[in-house]
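Quick note, the sequence shown lines up with residues 1 to 161 if you use my numbering.
Virtual Cβ for every residue (Gly too), placed ideally from N, Cα, C.
The structure presented is a predicted model; accordingly, all values stated were derived computationally and were not measured.
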Amino acid sequence: MADINGVSLQAGSSPTVHYTITYTKSRPNNSQMTYNFTISAALGSSGSFIHNGYALLCTMTVNGSSSQVRIKTVDGDNWDGTTPRLRYVSVTCPSTTGNTTQGVRFRVVSDGRLTLTSGVIDNSNYTVLSSPLLTTACGVPTSCSVSPILSEGDVTLSWSG
């Protein structure tokens, strides 16, 4: 499967909604990855609109972890024309292997008072790529001491730093 970064998808008709998905990533530790998604959503033609009563909610899922962002609210959010609206959502998920692909699910549902087919999509055909594992810095000891009490065959050595 291909990486979802830069992928464009279209959903529904009358009007069609065009989505473009990009992401950046970071590894907070060696057991997790964080993916920061930007979703650009645009109506298919200049005369298109989605007005009151309709709503769209997006869910991004990676390796069993999900986060949501609203594409359109039900009231007071008239969507007109082809100017993209940008939405941002971050997903932190389990990841213990570096440079590995993980499946990503991009899902947008209609959850307003009125049913909407425009913009509704459920796609699991793409992946994201994990970052390399973090390296652990180990330095040489800065001091070393031997226990003053010695018995035959036993020596206690300790160090710090």
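Note: residue 122 is bridge-paired with 107 in the DSSP secondary-structure output. Membership of residue 60 in the beta strand (DSSP E) is indicated by the continuous run 56-62.
Across the structure, residue 127 and residue 5 are spaced so that their CA atoms are roughly 9 Å apart. In the three-state reduction of the DSSP assignment, residue 87 falls in the strand class, which pools E and B. When rounded, the separation of the alpha-carbon atoms in residue 43 and residue 30 is 40 Å.
Remark: C-beta atoms of residue 21 and residue 50 do not approach each other more closely than 8 Å. Under the 8 Å Cβ criterion, the stretch 128-137 does not count as touching the stretch 65-72, having fewer than three qualifying pairs.
The shortest C-alpha to C-alpha distance from residue 37 to any of 18, 95, 7 is the one to 7.
Measuring C-alpha to C-alpha distances from residue 100 to each of 77, 63, 67 identifies 63 as the nearest. Residue pairing by DSSP places residue 26 opposite 34 in a beta bridge.
Boundaries for residue 74: no beta strand (DSSP E) harbours it, and the DSSP string shows neither H nor E there. Membership of residue 8 in the beta strand (DSSP E) is indicated by the continuous run 7-11. With fewer than 16 other Cβ atoms inside 10 Å of its own Cβ, residue 88 counts as exposed. In the three-state reduction of the DSSP assignment, residue 18 falls in the strand class, which pools E and B. If you draw a straight line from the Cα of residue 105 to the Cα of residue 84, it comes to about 21 Å.
Short of 7 Å from the beta carbon of residue 59, and not among the five residues preceding or following it, lie these beta carbons of its own chain, in chain order: 66, 68, 107.
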